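Right, one structure below, let's go through it.
In our numbering, the protein residues as written are 41 to 140.
Structure representation (structure tokens):
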């Protein structure tokens, strides 16, 4: 659920970010480039900095800023933590079914 399916989760995040950017008026190609480069840059930072992801997130979030506002939505009820938990649980369940 976490590793085997993980790349698909990241690709879906790129899709969702690009679609949201386009919905806010960005050109489709530019929105896709920005979403991809955001993930690439974040992955590079994760690779070079041993800090926990939560620390890295806090380091790039200005209090009461744009990112904080977006994270409030993503971390709210029915947000990313809840959805990811459900997704990993569903993947683990399916993995067990396939293995039986």
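Think of the CB as a built atom: it goes at the ideal place given N, C-alpha and C, for glycine as much as any other residue. Every value quoted in this text rests on a predicted model; they were computed, and no experiment measured them.
Under the three-state reduction of DSSP output, residue 104 falls in the coil class, being neither helix nor strand. With a cutoff of 7 Å on beta-carbon distance, residue 128 and residue 42 are scored as near each other. Classified as exposed, residue 91 has fewer than 16 neighbouring CB atoms from the shown chains inside 10 Å of its CB. Looking at the backbone, the Cα of residue 68 and that of residue 138 are separated by about 38 Å. Between residue 71 and residue 58, the beta carbon gap of about 5 Å places them in contact (Cβ cut-off 8 Å). Distance from the CA of residue 87 to the CA of residue 64, rounded to the nearest whole angstrom, comes to 31 Å. A straight line joining the alpha-carbon of residue 66 with that of residue 110 spans about 17 Å. For the pair residue 78 and residue 122, the Cα-to-Cα distance works out to about 23 Å.
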